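**Student:**
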């Protein structure tokens, strides 16, 4: 077995290109945020980092650098780089495991998950938060005076998880239509995008969720049952910093704070292998474990499923070479409308097929939560509304697209889940 101190292996980190004083660097972001250290390395070290895969010792790494680049690196420089990465627990070794376990224990030992967004995203004070949401709702009613709640009960929702300053119109329209149908909800599953989650991961947490209005308790029975079937998952720590569930649960709490219900918060990992290979998401073990648990909940309790999911992320801000102009934004709208039609049809296969055919060029960050929600309600009746393209850079050449969606119960003879 390889000694991790001699065979360095870089963890799954997020590299960001940055420029300082005219020089190009990589900022290596730790999705688990295990330390406060900011690790920045010259971009030419990208080749070196690629060799930190746990199969090469120092000598093999130095040889690999020489072979690939034609340039030599001194052993001392390599050692200093490895020590630098290790100081922030970016290498898979015993130090990382120790810090990880301590961080998980710290997260789970607090009474509830702390709100992590800065106050400019939403106020922490209850009165100020109530004023904010009330203002959004009133503006939404003024611009959409004919919003009429559907007569059929709501069983599922598609909500953005973008910040409220950009997405308030969609949030408010969604909750104006949904609020009267959730009075008697007993259990709410929120399936949120895990922006740093590994492929296929389904990550519940037993931790309660704090909002500006107090604390929503998790359904310990359901969560513990899921964990027993899915296995312990260090990505539970992602709940500590991931914003997707938080930005939806705040609205849920506003409209249900006087009600008795429990929450099942689920972070959903990457969908990329289903897009880039022949793997079938319709027959994936961790997905089916979750879907069976949701189905079981519907059999015994009034249950609601919410996908906390944005749509496309397109433009230079997300790695595209070409900036978006008005024509390309119209083309994006047409593509998004096809996706939204698959949601309205509650057709998970079509939903996946659209992104697969385009090789995920729109970077829909809600692929997994939306897919799973559609799996819950195949062929049910749904609708979407308040599509928007939100500015994602200063030049308005990149956008994040969003929309709201509601899924309704079928008639009484058809209401059991597939």
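Residue numbers (my numbering): 257 to 674.
C-beta: ideal position from N, C-alpha, C; glycine also.
Fair warning: this is a prediction, and the values are worked out from it, not measured in the lab.
1) Excluding five sequence neighbours on each side, which residues of the same chain lie with their C-beta closer than 8 Å to the C-beta of residue 269?
2) Residue 413 bridges to which residues according to DSSP?
3) Would you say residue 443 and residue 553 are within 7 Å of each other, going by their C-beta atoms?
4) Which residues in the same chain have their Cβ closer than 6 Å to the Cβ of residue 344, if we skip the five residues on either side of it in sequence?
5) Look at residue 600 and residue 638 and say whether their C-beta atoms are less than 7 Å apart.
6) With residue 486 and residue 531 assumed to form a contact (beta carbons below 8 Å), what rounded beta-carbon distance in angstroms separates them?
7) How is residue 505 classed by DSSP in three states: helix, strand or coil?
8) Should residue 324 and residue 303 be called a contact, given that it needs their Cβ atoms to be closer than 7 Å?
9) Could you tell me the distance, in whole angstroms, from the CA atom of residue 277 to the CA atom of residue 605?
10) Once DSSP output is grouped into helix, strand and coil, what is the label at residue 646?
11) Name the DSSP bridge partner or partners of residue 447?
12) Just tell me which of 412, 289 and 328 has its CA closest to the CA of residue 300.
13) Between which two residues does the beta strand (DSSP E) containing residue 385 stretch?
14) For residue 453 versus residue 333, is the C-beta distance shorter than 7 Å?
15) Taking all protein chains shown into account, decide if residue 575 is buried (16 or more other Cβ within 10 angstroms of its Cβ) or exposed.
16) Tell me, to the nearest whole angstrom, how far the beta carbon of residue 642 is from that of residue 426; I am working on the premise that it is less than 8 Å.
17) Per DSSP, what kind of secondary structure is residue 470 in: helix, strand or coil?
18) Hey, how far is the Cα of residue 468 from the Cα of residue 512?
19) What does DSSP give as the partner residues of residue 274 in its beta bridges?
20) Within the chosen definition, does the region 588-598 reach the region 501-516 through at least 3 CB pairs nearer than 8 Å?
21) Do you know whose CA, among 482, 491 and 514, lies nearest residue 472's CA?
22) Starting from residue 604 and walking both ways along the alpha helix (DSSP H), at which residues does that stretch end?
23) At what residues does the beta strand (DSSP E) containing residue 460 begin and finish?
24) With residue 579 as the anchor, note down where its beta strand (DSSP E) starts and where it stops.
25) With DSSP run on the structure shown, which of helix, strand or coil describes residue 596?
**Tutor:** With the structure as the only source:
1) Position 13 of the chain shown, counted from the start, is the residue given in the question as residue 269. Within the same chain, residue 269 has close Cβ partners 284, 285, 286, 287 and 346.
2) The residue you call residue 413 lines up with position 157 of the chain shown. Residue 413 pairs with 562 and 662.
3) One-based indexing of the chain shown puts residue 443 at position 187. One-based indexing of the chain shown puts residue 553 at position 297. Cβ distance < 7 Å, so residue 443 and residue 553 count as in contact.
4) Locating residue 344 in the chain shown gives position 88, where the first residue counts as 1. Contacts found: 291, 293 and 295.
5) If you number the chain shown from 1, residue 600 lands on position 344. If you number the chain shown from 1, residue 638 lands on position 382. In this structure, residue 638 lies closer than 7 Å to residue 600 by Cβ.
6) Working through the chain shown from its first residue, we reach residue 486 at position 230. Working through the chain shown from its first residue, we reach residue 531 at position 275. No, residue 486 and residue 531 are not in contact; Cβ-Cβ is about 22 Å, not under 8 Å.
7) Along the chain shown, read from residue 1 onward, the residue named residue 505 stands at position 249. Reduced to three states, the DSSP call for residue 505 is helix.
8) Counted from its first residue, the chain shown places residue 324 at position 68. Counted from its first residue, the chain shown places residue 303 at position 47. Yes, the Cβ-Cβ distance between residue 324 and residue 303 is below 7 Å.
9) Sequence index remark: in the chain shown, residue 277 carries index 21 (1-based). Sequence index remark: in the chain shown, residue 605 carries index 349 (1-based). In a straight line, the C-alpha of residue 277 is about 49 Å away from that of residue 605.
10) The count along the chain shown starts at 1 and reaches residue 646 at position 390. Strand, per DSSP.
11) What you label residue 447 is simply residue 191 of the chain shown in a count that begins at 1. Partner(s): 522 and 563.
12) Translated into the one-based positions of the chain shown, residue 300 becomes position 44. Checked all of 412, 289 and 328; the closest Cα to residue 300 is 328.
13) Residue mapping note: residue 385 aligns to position 129 of the chain shown, counting from 1. Note, residue 385: premise wrong, no beta strand (DSSP E); alpha helix (DSSP H) at 382-399.
14) Here residue 453 refers to the residue found at position 197 of the chain shown. Here residue 333 refers to the residue found at position 77 of the chain shown. Cβ atoms of residue 453 and residue 333: not closer than 7 Å.
15) For the purposes of this step, residue 575 is taken as residue 319 along the chain shown, with counting starting at 1. By the 10 Å Cβ count, residue 575 comes out exposed.
16) Locating residue 642 in the chain shown gives position 386, where the first residue counts as 1. Locating residue 426 in the chain shown gives position 170, where the first residue counts as 1. Going by Cβ atoms, the distance from residue 642 to residue 426 rounds to 4 Å, so yes, they are a contact pair.
17) For the purposes of this step, residue 470 is taken as residue 214 along the chain shown, with counting starting at 1. The answer is strand: DSSP assigns residue 470 an E or B state.
18) Taking the chain shown and counting its residues from 1, one reaches residue 468 at position 212. Taking the chain shown and counting its residues from 1, one reaches residue 512 at position 256. If I take the Cα positions, the gap works out to 13 Å.
19) On the chain shown, residue 274 is found 18 positions in, with the first residue counted as 1. Looking at the DSSP assignment, residue 274 forms a beta bridge with 281.
20) no
21) Locating residue 472 in the chain shown gives position 216, counting from the first residue. With distances taken between Cα atoms, residue 472 lies closest to 514.
22) Walking along the chain shown from the start, residue 604 turns up at place 348. Unbroken alpha helix (DSSP H) run through residue 604: 604-613.
23) Taking the first residue of the chain shown as position 1, residue 460 is located at position 204. Counting along the chain, the beta strand (DSSP E) containing residue 460 begins and ends at 458-460.
24) For the purposes of this step, residue 579 is taken as residue 323 along the chain shown, with counting starting at 1. From DSSP, residue 579 is part of no beta strand (DSSP E); its letter is neither H nor E.
25) The residue you call residue 596 lines up with position 340 of the chain shown. In the structure shown, residue 596 sits in a helix (DSSP, three-state: H, G or I).
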